[in-house]
Each structure stands twice: as structure tokens, then as C-alpha cells.
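Number of protein chains: 2
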Amino acid sequence: MNTSIPVKLIENSGGLGDCPGYKTAGVAGDIREIGDTERLDVALFTADTPCSAAGVFTLNDVCAAPVKVCKTILEKSADNIAGCISNSGNANAATGEQGMIDAKQMSALAQLETGIGAPFLVCSTGRIGRKLPMQKIESGIAAAAQALSNEPQASFNAADAILTSDTRRKVATARFKVDGQTITVSGMAKGAGMIEPDMATMLAYVVTDLQANGALLKAVLKEACDRTFNCISVDGDMSTNDTVLLFANGHSGIAADTTPELLSAFKDAVFQVCDIMAEKIVGDGEKVTKLVELIVQGCQTDADAEKVARAVGNSLLVKTSWYGSDPNWGRLADAAGYARVGLDETCFDIHYDTCPALIGGRPQDEKLQEWKDIVAKNRFRITLNLNQGNSSFRLLTSDLSEAYVNFNKSE
Amino acid sequence: MNTSIPVKLIENSGGLGDCPGYKTAGVAGDIREIGDTERLDVALFTADTPCSAAGVFTLNDVCAAPVKVCKTILEKSADNIAGCISNSGNANAATGEQGMIDAKQMSALAQLETGIGAPFLVCSTGRIGRKLPMQKIESGIAAAAQALSNEPQASFNAADAILTSDTRRKVATARFKVDGQTITVSGMAKGAGMIEPDMATMLAYVVTDLQANGALLKAVLKEACDRTFNCISVDGDMSTNDTVLLFANGHSGIAADTTPELLSAFKDAVFQVCDIMAEKIVGDGEKVTKLVELIVQGCQTDADAEKVARAVGNSLLVKTSWYGSDPNWGRLADAAGYARVGLDETCFDIHYDTCPALIGGRPQDEKLQEWKDIVAKNRFRITLNLNQGNSSFRLLTSDLSEAYVNFNKSE
Chain A
1 MNTSIPVKLI ENSGGLGDCP GYKTAGVAGD IREIGDTERL DVALFTADTP CSAAGVFTLN
61 DVCAAPVKVC KTILEKSADN IAGCISNSGN ANAATGEQGM IDAKQMSALA QLETGIGAPF
121 LVCSTGRIGR KLPMQKIESG IAAAAQALSN EPQASFNAAD AILTSDTRRK VATARFKVDG
181 QTITVSGMAK GAGMIEPDMA TMLAYVVTDL QANGALLKAV LKEACDRTFN CISVDGDMST
241 NDTVLLFANG HSGIAADTTP ELLSAFKDAV FQVCDIMAEK IVGDGEKVTK LVELIVQGCQ
301 TDADAEKVAR AVGNSLLVKT SWYGSDPNWG RLADAAGYAR VGLDETCFDI HYDTCPALIG
361 GRPQDEKLQE WKDIVAKNRF RITLNLNQGN SSFRLLTSDL SEAYVNFNKS E
Chain B
1001 MNTSIPVKLI ENSGGLGDCP GYKTAGVAGD IREIGDTERL DVALFTADTP CSAAGVFTLN
1061 DVCAAPVKVC KTILEKSADN IAGCISNSGN ANAATGEQGM IDAKQMSALA QLETGIGAPF
1121 LVCSTGRIGR KLPMQKIESG IAAAAQALSN EPQASFNAAD AILTSDTRRK VATARFKVDG
1181 QTITVSGMAK GAGMIEPDMA TMLAYVVTDL QANGALLKAV LKEACDRTFN CISVDGDMST
1241 NDTVLLFANG HSGIAADTTP ELLSAFKDAV FQVCDIMAEK IVGDGEKVTK LVELIVQGCQ
1301 TDADAEKVAR AVGNSLLVKT SWYGSDPNWG RLADAAGYAR VGLDETCFDI HYDTCPALIG
1361 GRPQDEKLQE WKDIVAKNRF RITLNLNQGN SSFRLLTSDL SEAYVNFNKS E
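Just so you know, the protein sequences line up as chains A and B, in that order.
Counting in the numbering used here, the first sequence runs from 1 upward without gaps.
Counting in the numbering used here, the second sequence runs from 1001 upward without gaps.
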């Protein structure tokens, strides 16, 4: 008996505003302190009534003040959260004690300006090692609280206000029906790669109108992140601020774990929203020209498969060859070899899309033109099969362009 | 009582030819098969009487045929080696059974053409995944055997014939005296970074006129490599062909382990020759504009210190900031943090040369102009002190330029 509930991913997502029971805002606060009064850089969203939330955070030893503040708030109060206040332009990372004071102050100001009696989570993204301009932050939060609304434009403004070097807004929505009632899972994200002089930070926010406690949200979010945001790579650099948050306001009156089918649909919807946003992040990585789906199969363990995928996906030689549309399988084999999981080069297959490049270690040279045509596309798949076991790993990655180097060489 | 023997590093080295009892040759064999009859690409050297040898090789699972052949020869016959035959332009890697046949054939041809009754080691560097052009290899080896000589030009020719994307010949010599007699340790190497469509390969050959058996040479070479060639990084890609070989022909009539002082001087000379060649390899890395000496101190274990150094030294963000002369210590801290050795950002120091950038996690912003001046130089030192222990690691690394990406983007 298959009673699974179909989940529909919405192409033209309105972002967080698609989900009933949340208000959003995005305003220009000149957080970069360059006199730019047009660029949106303060994002605020609130649940109409305090909600539950969960987070997944960077594993970097150097972890930014807002990440620490989020963790503390979620430990104490995961089932009574007002929403989230974010800024771009300054990461509030490596800012010492003052950074902690400022991050807590951002959370407190959001509560003060909205008048909501529950704590706000807080995210920052941008330049590392500079103190937050707290006067500008304060004005920004006040303006954002005034602007809170459930109009579609407010949702787009919030999604734009978290962007740094991104060239495109990243939003996604998935919906499914329970007993005739529509349930929504919506998200907004900002991308990988770094900005101007700034570190990359990946931020993503996912909201739903189901009811769920923090513990359940945490389990669902962790599972989704492991299969999506943790399987992407642009440049192999892990940020100090990476944060993914999931909120549930219970606006639908339906609990996420009412039935196994409903819970499964919820998980699927969160996965789909995270997956499409992860793909958007890689596709909009800094100066990226190609999106590559790298599938490593036939390994003895999942960890081995991931090791091979990351060695290949982060190899400068491999990435530059993709940039040059060069089907250089020798570089793939070399990188797979230095992952040192015991690859045997005589029983090793490589495919570009479905076209064989190497079978049992033997080059299929007569297919050269086909390989070239595939690698010239702006999206393609490469499959490496070590033929040693049943474990696999899928990494969404990108090429490396001269423009990336130019973009990141200085402030 | 300090009886250590001073070792002198010779600035204007003549390469292998500096060492008595060896003959060298470098000839043009058109191994790239592009009709280039000028470019030297077959290198041969022999000891006047069969010598002892030892090798240190790539740890890549995908290891080239000549590496396998060298290992087998050294296992069977480390104390009876004729010399070494090398080619550039083709790596003979990922070439299956035919590759093994061809590598053995190269060794046999060197023996045939020189008439020396001992096996030759064999090295190849260049494009992966293409069969060796054996007719050209055969003519090249015949010509090289004819050209063998102890003239200085022959030694330079050999050093030039192993180069691929290198822009400069890499040779070094160290000398010391024992009982009034001069002992010589000489080397030639080719560099890191990759070439045109080719993989990087690091090759280095070191010869001495001391007498030493293969076991002793192996211990001395391993120790030197761990402190030199294993502490450099250009792009983090490990080649399929990396090889370092050490030869001792006993021409001086003096055994390397006659006294502890002599053995110590020998080790020091091998270290110095390897160290200067390692530095030359990084300085001539592909499209490198800056040489950076990265010192990680204050770690709990050597492995932790190495992990931090490699995370920082291989970070694209860090390398591009060096290229742009941007003293972006935030990127250094971020990369050090994602090495995940338990860095505490409140007791973490960073220095550019001797100028403090971060002390106990606090930026020394008043020194900004000094940092900028240092990072603008083409050689500088960065010290990261985690203040958690007594272990350290020194990595010689480089910046990453747009020209690198352009250089490696296609065949």
C-alpha cells in the first residue's frame, strides 16, 4: 500500500512570503558603510505567533558571534522563537567579545522594535574581522520592523537583503495537501563563493505552516542538509557563518507528525526546497560558468565515496579543465587516486553524462568528440565508478574561472 | 664537543655533473610528437661503476608505470644500479599493461645502448593517459647514450630535458670536506604545477660520490623529503608520477657512515640540496607570482600543525588574496578554523614577517600599512600561532593567479 503524499515544487516561488502566518521585510541600512542607501541589507521575518525552530551551523573552529548566539537561543527556547533578524555586508566574525555583545543586541533590538515577546535568531554575512556598525544596524532594524508585511514584495526584499556576491535571488517553495488543506514549505537562501573582500557564507531559511517542535525540526533539517547543502562545493572553503534554519509556526493547525505519510511528505518538501536552493547556490557560485553533478559510485563505504568526490570536485586541475571545456579524464583519475581509498585503476569507469570515457581503466578514445560536446555544456554529469562496493556520494560542484581569481584577489 | 662538519651550498650549481663519477646527457627526442626537434626531452645519467640507489614515490592510488618499475628494481637490486633514464612530454600513467611493458622497455633500452650490465631506473613526466611513442623513445635513448659525458653542458642538458611547464632549470650542489677530501652531493629537479594539458609531476634526482648502500640511502632520503619536498604545495594536487631518487657511486672511496660526523654532514648536504630544489619548485610553480613561507606554531601535535598549514596554504581564498597583495587575515583565520584542530580564536596570533596582525585574537589595525607592504613583496613569511602546544609545521606555498587558471583550462 503506497499512500505517499505527492509534493509539488513551485517554479515561481515567492520565498518565505508564500507560507501563511509569516511576515517579512528587507530594507537598506548601509551596513557596508559606503553611503549606499539603495542596497537592501537588513532582512527581518517573524511568525505571527511564536514558533518552533531548529538550526544547522558551520563546523569551523572560528565560528561567528551570531552563530554562537543562535545556538544558545535554540538550546534554551527552540519552541518559542519570534523569527530571525539578518544583515549582509558584515559577518560579525572574529570580532571578540564586542561581536557577542553586538549579536545579542541585534536580537534584542528586533524584539524591541517588533514588540514580540519571544527571542529572535540572528544571522550576519559579509566581511570578517570588522565590528558591526551598530548605529546603522539599529536604524535598519527599526525600519525593517516598520516594513514587516505579508505582501509578496516584502518577501522578495527580505530574500534580496541577505545576498552578498550572489547575482540572483534564491527562493523556493514546495506544497502538498493533507485532508484537502494545503501545507507550505518555503525557503530563501544566499550563496557560496565570497564577496568583495568578504568570506563566503551560506545562509538558508526554511519556514512551514505545520506545527512541529524544535526537536522534530532539528531531525528533519539535519537529514535534509546532509543530502543537500552538505553535498555542494564551490571552492572548498568553509565559512565562519554558515547557517540553515527551519521554522514551524503551526498556522495550519496540523502537526507534522500526525501520520507517517504526512511526516514523510514534510521531510520530502523540506528536502526539495533545500535541494533546489543548494543547486541555485552552486549555479550562482562566484564567476561559475558550469554546474557539474559529480557521482562517485562503487565504493566500500559512504565516507570513501565522499572523500573521492571531494578530492575530484575540489581539484584545481579538474575545475580549470571544466572551465576550459576540456574532457581531461586523466585529471579526474589523478584526483580520485590521491583520495587514497584504494582505487584500482584497472577496474575503474568514468562516464560523461551517459557516454563512457574509461571502462575498466581503458580509455574509450573513439568517443572523444562526444566527451567534448558534453563538457562544453553549462551543466553536465560525471560518474566515477570504482567497482569495489555499493556506496556512493553525489556532489554538486562547479568549474573555476579566471574571473573567480580576479574577483577574490583583493578588497 | 662539537665536531660537526660544515656543509657548503654552491650557488652556481652545475647539477649532477658537479659530482665526480657520473656522466649525463639530455637530447631532443620529440616525445611530444609535435615535430619539435629542438626541445630536450630525454635525460640519461649513469654512474661510472654501478651504484646504490633509493627512491621516495607518490602515494597516489593511480601510480604511473615508471614508478612501479622503479619500485620493483629498487626492491631487487638497490645496490647495483646503472643510472636513470627519463623522458618529459608523456607521463606513461593510466596506460595499463602496455604502459608497464613500455616502462620496462625504456629501462632495457638504456642498458642496451650504454652497454652497462646493471638495471636503469626510469621516470616519465607529462600528459596522462597516452601511450609512450616507443619509436621516438628508442631513438632518443640511443642518442642520449651516445651523448653521455662529464662536460658541464651535458649536465645542463639533462636538467633541461626533464622540465615540462617549468620556466627555469633547477639544479643544486652541496660540498663538504672529510680528511681534506671533498665530498659532493648534487641534484636536479623539475617542478610542481602542471603543464599544458599535462599533470604536474615533481621529479628530483640527487647523487653523491660517497659510498652507501640502498638501505642507508633510503633512510637519508626519506628524512630529507619529509622536511623538504613533502612541505611544499602549489595547488594541492598530488601527481601520479612524483619521484625523488638518491644515488651513491662510492667514487670518493669513503663510506657515508664512516663516522657519525660524516653521516651527519651527508644528511645535511642531502637536506640542503633537496631544500633549495623544493624552494625552486614552488618559486617556479605555474604562473606563481609569490612565494610564501607559512609557519604554523603552538599546536598540540605535528599532525595538527600540518593540517592547519595545508588548510591555509591550499585555500583558494587565501591564495587569491596573496595574489592581490591583500593582507586579508580574516581568510587565514577562517581556513585555520576549518582545519578543525580546536583553534581558540581568543588566543591566536598571526604575524606577517615580524609584524603582528592578530594578537590573542585582537586585530592590530594600526599596522595595516605595514601588512600591505609585506604582502606586496614577492616573498614573505606568515606565522600562525595557536598557542596550544609546542608542535609546528613549515609549508612553502604560493599564490594563485588568473594566469594559472588560463594556463590549465585546456589542452
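All C-beta atoms, glycine included, are put in the ideal place defined by N, C-alpha and C.
Practice problem: Could you pull the start and end residues of the alpha helix (DSSP H) that C347 of chain A belongs to? | Solution: Walking along the first sequence from the start, residue 347 of chain A turns up at place 347. C347 of chain A -> no alpha helix (DSSP H), and no H or E assigned at all.
Practice problem: Identify the contact partners of K1287 of chain B in chain A, using a Cβ-Cβ distance below 9 Å as the criterion. | Solution: Locating residue 1287 of chain B in the second sequence gives position 287, counting from the first residue. Correct list: empty, because the minimum Cβ distance to chain A is about 10 Å.
Exercise. Report the neighbours of L1216 of chain B on chain C: residues whose CB is nearer than 9 Å to its CB, in chain order.
Key: Looking for chain C here will not work: the only protein chains present are A and B.
Quiz prompt | Neighbouring residues, chain A, relative to V1405 of chain B (Cβ below 7 Å) | solution = Start at 1 with the first residue of the second sequence, and residue 1405 of chain B comes out as number 405. Correct list: T320, Y323, L400, S401, E402 and V405.
Quiz item: In the region 1264–1316 of chain B, which residue ranges form an unbroken beta strand (DSSP E) of at least 3 residues, counting only runs that do not cross its ends?
Solution: 1291–1299
Quiz prompt | Residue range of the alpha helix (DSSP H) that includes Q1369 of chain B | solution = On the second sequence, position 369 is the one that residue 1369 of chain B refers to. Residues L1368 to V1375.
Self-check item: Cut-off 6 Å between Cβ atoms - residues of its own chain near D1353 of chain B, not counting five sequence neighbours on either side
Solution: Position 353 of the second sequence, counted from the start, is the residue given in the question as residue 1353 of chain B. The residues are I1374, F1380 and R1381.
Quiz prompt | Candidates A:I162, A:Q300 and A:S398: closest to I31 of chain A by CA position | solution = For the purposes of this step, residue 31 of chain A is taken as residue 31 along the first sequence, with counting starting at 1. If we check each option's Cα against that of I31 of chain A, A:I162 comes out closest.
Quiz item: Taking just the CA atoms, how far does M100 of chain A sit from L210 of chain A?
Solution: Taking the first sequence and counting its residues from 1, one reaches residue 210 of chain A at position 210. Taking the first sequence and counting its residues from 1, one reaches residue 100 of chain A at position 100. In a straight line, the C-alpha of L210 of chain A is about 32 Å away from that of M100 of chain A.
Quiz item: Which ranges would you report for the beta strand (DSSP E) in the region 1187–1231 of chain B if only whole runs of at least 3 residues count?
Solution: 1203–1208
Quiz item: For P1363 of chain B, which residues in chain A fall below 7 Å Cβ to Cβ?
Solution: Counted from its first residue, the second sequence places residue 1363 of chain B at position 363. By Cβ distance, chain A contributes G129.
Quiz item: Going straight from the alpha carbon of E223 of chain A to that of T1095 of chain B, what length do you get?
Solution: For the purposes of this step, residue 223 of chain A is taken as residue 223 along the first sequence, with counting starting at 1. For the purposes of this step, residue 1095 of chain B is taken as residue 95 along the second sequence, with counting starting at 1. Their Cα atoms are separated by approximately 42 Å.
Exercise. Grab the span of the beta strand (DSSP E) containing V234 of chain A for me, first residue to last.
Key: Within the first sequence, the letter at position 234 stands for residue 234 of chain A. Run containing V234 of chain A: none; DSSP gives neither H nor E here.
Quiz prompt | Where the beta strand (DSSP E) containing T49 of chain A begins and where it ends | solution = Counted from its first residue, the first sequence places residue 49 of chain A at position 49. That run of the beta strand (DSSP E) goes V42 to F57.
Quiz prompt | Run of the alpha helix (DSSP H) containing S1107 of chain B, from where it starts to where it stops | solution = The residue labelled residue 1107 of chain B in the question sits at position 107 within the second sequence. Its alpha helix (DSSP H) spans residues G1096 to T1114.
Practice problem: Go through its chain and collect everything with a Cβ distance to G420 of chain A's Cβ below 6 Å, but skip five positions before and after it. | Solution: Missing from the structure shown is residue 420 of chain A; chain A here goes from 1 to 411 and no further.
Exercise. Would you grab the beta carbon distance between I970 of chain B and R1394 of chain B for me? Rounded to a whole angstrom, and I think it's under 8 Å.
Key: Nothing about residue 970 of chain B can be reported from this structure: the residues present for chain B run from 1001 to 1411 only.
Quiz item: Does the beta-carbon of Q1181 of chain B have 16 or more other beta-carbons within 10 angstroms, so that it is buried, or is it exposed?
Solution: Numbered from 1 along the second sequence, position 181 holds the residue referred to as residue 1181 of chain B. The residue in question, Q1181 of chain B, is exposed, as its Cβ has fewer than 16 Cβ neighbours within 10 Å.
Quiz item: Does the count of Cβ pairs from the region 1122–1140 of chain B and the region 1166–1175 of chain B closer than 8 Å reach three?
Solution: no
Self-check item: 8 Å Cβ cutoff, F393 of chain A in contact with chain B
Solution: Position 393 of the first sequence, counted from the first residue, corresponds to residue 393 of chain A. Taking Cβ atoms only, chain B never reaches closer than 8 Å to F393 of chain A, which makes this a no.
Quiz item: Apart from the five residues just before and just after T240 of chain A, which ones in its own chain have a Cβ nearer than 8 Å to its Cβ?
Solution: For the purposes of this step, residue 240 of chain A is taken as the residue at position 240 of the first sequence. These residues qualify, in order along the chain: T58, N60, V62, C63, A64, V67, A91, A93, A94, I128, M199 and T201.
Quiz item: How close, in whole Å, do the beta carbons of V308 of chain A and A339 of chain A come, if the pair is a contact with beta carbons under 8 Å?
Solution: The residue given as residue 308 of chain A occupies position 308 in the first sequence. The residue given as residue 339 of chain A occupies position 339 in the first sequence. Their Cβ separation, rounded to whole angstroms, is 4 Å, which keeps V308 of chain A and A339 of chain A in contact under 8 Å.
Quiz item: Where do the N-terminal and C-terminal ends of the beta strand (DSSP E) with N90 of chain A fall, by residue?
Solution: Position 90 of the first sequence, counting from 1, holds the residue named residue 90 of chain A. From DSSP, the beta strand (DSSP E) with N90 of chain A extends over I81 to N90.
Quiz prompt | Coil, strand or helix - N385 of chain A by DSSP | solution = Indexing the first sequence from 1 puts residue 385 of chain A at position 385. Strand.
Practice problem: Can you give me the start and stop residues for the alpha helix (DSSP H) that L1074 of chain B sits inside? | Solution: What you label residue 1074 of chain B is simply residue 74 of the second sequence in a count that begins at 1. First-last of the alpha helix (DSSP H) with L1074 of chain B: A1065 to S1077.
Exercise. Residues of the region 1328–1354 of chain B with a CB closer than 9 Å to any CB of chain A: list them in chain order, please.
Key: N1328, W1329, G1330, R1331, A1333, D1334, A1335, A1336, G1337, Y1338, A1339, R1340, V1341, G1342, L1343, D1344, E1345, T1346 and F1348
Quiz prompt | Nearest-angstrom beta carbon gap, A305 of chain A and W329 of chain A [assumed within contact, 8 Å] | solution = Here residue 329 of chain A refers to the residue found at position 329 when the first sequence is read from its first residue. Here residue 305 of chain A refers to the residue found at position 305 when the first sequence is read from its first residue. That belief does not hold up - the Cβ atoms of W329 of chain A and A305 of chain A are roughly 18 Å apart, past 8 Å.
Practice problem: Answer yes or no: does any C-beta atom of chain B fall closer than 8 Å to that of G191 of chain A? | Solution: Residue numbering aside, residue 191 of chain A sits at position 191 when the first sequence is read from its first letter. False, the Cβ-Cβ gap to chain B never drops below 8 Å.
Quiz item: Relative to the alpha-carbon of E1038 of chain B, which residue among B:A1118, B:T1259 and B:N1157 has its alpha-carbon at the smallest distance?
Solution: For the purposes of this step, residue 1038 of chain B is taken as residue 38 along the second sequence, with counting starting at 1. Nearest C-alpha to E1038 of chain B: B:N1157.
Quiz item: Where does A1255 of chain B fall in DSSP's three states?
Solution: Counting from one through the second sequence, the residue named residue 1255 of chain B turns up at place 255. Reduced to three states, the DSSP call for A1255 of chain B is strand.
Quiz item: Under three-state DSSP, which class holds L1163 of chain B?
Solution: Within the second sequence, the letter at position 163 stands for residue 1163 of chain B. It is coil, neither helix nor strand.
Quiz prompt | Burial state of E345 of chain A (16 or more Cβ within 10 Å) | solution = If you number the first sequence from 1, residue 345 of chain A lands on position 345. By the 10 Å Cβ count, E345 of chain A comes out buried.
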